[in-house]
Structures are given as structure tokens and as C-alpha cells.
Amino acid sequence: MAFSATAEVTNGIARITLDGELDASSAPDFKAAIEKVAADKPRRLVLMLEGLEFMASAGLRVLIFAKQKLGSGTDIYVVGARPAIVETLEMTGFQHSVVMLPAYDAAQIEG
Amino acid sequence: MDELRVTAKLEVLSSIGAFVLKAAENAGLDRRAAYRLRLAVDEMATNIIVHGNPLEHSGDDEIRLTSEMNDQSLTITLEDRGPEFNPLEHETPEGHIDKPMEQRPIGGLGVFLAIRGVDRFLYERVNDRNRSTFIVHRPATTGNGR
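Okay, here's the thing in C-alpha cells:
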């Protein structure tokens, strides 16, 4: 149930792995991870969501923050999101602003 | 009927989630319906906690949830004593959904997910409280529950 956000930046690609439940009480941890990787000015942001069980709109707001913070030139990838989370992203139109992938695709993301 | 009373703080969201998921399980909802209901209640509770400006330390900063089911449906109610707030009067972000996310107004997403997550959403102002009611149809094969 507890939330964690683990961030790393390698060769200009920022990867943040989210686990657990992302609600309004845990969203500040996600936001802090975005701020941390933004300092390295990555060219891609990859969100690894296989372990994310729940995401409320507080998480969507952090995605908007990420887009604003990193600039529209930094593509955001959402990898491995569960069907319920994909549905939330689609209901709210976020699939137009991020690239959703079922699994990590090095050729596409790192190319 | 089951009931949960919690203080209006963000830390209680996981308890609210557990309460709703338990009710959904008892009602035999499938995973998708259970998730959407939990999300709907979480969003409305978050709204109350963040914007409700509850009267702290007066004992009035309480959120009350109930769950009740019959053969047809599961009903969750959420009550708070904050200022009157009718979610149905607040614009949903439908008109903005096709815009890039960095160009959209940030509010409204939670209310949108709350209203859209269930089969029926009702709002009433009763006895100086806001009451949101979330109704989800039960699968026909479930019968009378447990």
C-alpha cells in the first residue's frame, strides 16, 4: 500500500519507478522525484508503472507539473501501467500528452 | 450498514480506500468497478480534505462514510461539515480533454473522475452537511451477497 518513487538519470534519460498507491498524500513524493531529475535536464522522462496499484488525480497533476517543469521538448513515457490506470489516463485525455508503452522499449525510448 | 468516521486529513485516504474496496468485494463488484468506485470516493474525500476548510479541533472536521447494499446495488455515502459544495455544479474538464495537458486548467479532474466513476452520483445538502452518494450496480449473478 505504501508509495515509493525511485529516480535515476542515465545518458539523459530520467527514469522514475512508482510503486504502491499514488494519492493526494503521496503525490508530493512523486513531485519531489520530478524536481530531482529535472535538475539534470533529461531529454526523456520514463515513468515505470508496473508496481503502481492506484493513481488519483493528484498523480495527474504531477504529470502536468512534469510537463511544465521539463518543457514540451521532453517526451514523457508511461510504461507498464495497469488497465485501470490506463483507463484513468484515457478518460482524462492524458494519452495525447504522454507515450504509453506496455513494456520498456529501449529502441523507442533511447533512440 | 457499515460506517467509517475519520478526521479530515490526507493520511486517512488509504483507510477510506480500504473501506471502499472491502465494501466492493462484499458486493461482488469486479476489479474494474471496484477500482473506479474507490477512485471516485478518494477524489471526493480529497476534495473535502483539501478545500473543505474544516473546523479543526472542534470535532467538526470529520468525514463520515457509510456503505450499504441491496440485491441490485452498492451505495456509499460520504458526508462532511465543510462549506456547501455541489460537485455537480462544477464544470468537468470535458471541454479541455483534447488540449495538451500543459494548457489545461488544473482543477476539476477529481470531480470529473468522481462523477464518472460510478453508475449514479447524487449530491445533497442536509443538516449543514455535504452528502455525496455513489451508487454502483452489482453483477446480476451475485445474488444476496454473503
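If you're matching them up, the sequences are chains A and B in order. Residue 58 in numbering that gives the first Met the number 0 sits at position 59 of the first sequence, and the numbers go up by one each step. Residue 15 in numbering that gives the first Met the number 0 sits at position 16 of the second sequence, and the numbers go up by one each step. From the three backbone atoms N, C-alpha and C, an ideal C-beta is built for every residue, glycine too. All of these numbers come straight from a predicted model, not from anything done at the bench.
List the residues of chain A that D41(B) touches, going by C-beta distances under 7 Å, in chain order.
As a first step, residue 41(B) must be located in the second sequence, where it is residue number 42. Going along chain A in sequence order, the residues near D41(B) (Cβ under 7 Å) are D22 and A55.
According to the neighbour-count rule (16 or more other Cβ atoms, all chains shown, within 10 Å of its Cβ), is R37(B) buried or exposed?
Here the question's residue 37(B) lines up with position 38 in the second sequence. R37(B) comes out buried.
CB of G16(B) within 9 Å of CB of D41(B), strictly
What you label residue 16(B) is simply residue 17 of the second sequence in a count that begins at 1. What you label residue 41(B) is simply residue 42 of the second sequence in a count that begins at 1. Going by C-beta atoms, G16(B) is nearer than 9 Å to D41(B).
For A83(A), return the contacting residues in chain B, with the cut-off set at a CB-CB distance below 7 Å.
Numbered from 1 along the first sequence, position 84 holds the residue referred to as residue 83(A). Those are R31 and Y34, listed as they occur along chain B.
For the region 112–129 of chain B, list every residue whose C-beta sits within 8 Å of some C-beta in chain A, in sequence order.
L112 and R115
Which residues, taken in chain order from the region 62–73 of chain A, show a beta carbon closer than 8 Å to some beta carbon of chain B?
L62, I63, K66, Q67 and S71
Would you call the region 12–28 of chain B and the region 62–80 of chain A touching, i.e. three or more CB-CB distances under 8 Å?
no
Kindly confirm or deny that the region 68–84 of chain B and the region 86–103 of chain A touch, where touching means at least three C-beta pairs closer than 8 Å.
no
Is DSSP giving E7(A) helix, strand or coil here?
Working through the first sequence from its first residue, we reach residue 7(A) at position 8. Of the three classes helix, strand and coil, the one that applies to E7(A) here is strand, per DSSP.
Below 8 Å CB to CB, which residues in the same chain sit around R77(A) once its five sequence neighbours on both sides are set aside?
Mapped onto the first sequence, residue 77(A) falls at position 78. For clarity, residue 77(A) is Val in the given sequence; the question names Arg instead. Within the same chain, V77(A) has close Cβ partners L46, L48, L88, V97, V98, M99 and L100.
Taking only beta-carbon positions, decide if G16(B) is within less than 9 Å of chain A.
Mapped onto the second sequence, residue 16(B) falls at position 17. Closer than 9 Å: yes.
D60(B) burial status per 10 Å Cβ neighbour count (16 or more: buried):
Numbered from 1 along the second sequence, position 61 holds the residue referred to as residue 60(B). Classification of D60(B): buried, given that the 10 Å Cβ count is 16 or more.
With a threshold of 16 other CB atoms inside 10 Å of the CB of S13(B), please say whether the residue is buried or exposed.
To locate residue 13(B), count along the second sequence from 1; it is residue 14. Looking at its Cβ environment, which holds 16 or more other Cβ atoms inside 10 Å, S13(B) is buried.
Please state the DSSP three-state secondary structure of D39(A).
By one-based count along the first sequence, residue 39(A) stands at place 40. Three-state DSSP puts D39(A) in coil, outside helix and strand.
Beta-carbon neighbours of L28(B), restricted to chain A and to distances below 9 Å:
On the second sequence, residue 28(B) is found 29 positions in, with the first residue counted as 1. Going along chain A, no residue has its Cβ under 9 Å from L28(B), so there is no contact; the nearest lies around 13 Å.
Is the CB-CB distance between D18(A) and G50(A) below 9 Å?
Here the question's residue 18(A) lines up with position 19 in the first sequence. Here the question's residue 50(A) lines up with position 51 in the first sequence. Against a cut-off of 9 Å, the Cβ pair of G50(A) and D18(A) comes out as a contact.
Identify whether H50(B) lies in helix, strand or coil by the three-state DSSP scheme.
Position 51 of the second sequence, counted from the start, is the residue given in the question as residue 50(B). Looking at H50(B) - three-state DSSP - the assignment turns out to be helix.
According to DSSP, residues forming a beta bridge with A106(A)
For this step, residue 106(A) is matched to residue 107 along the first sequence. Per DSSP, none; premise fails for A106(A).
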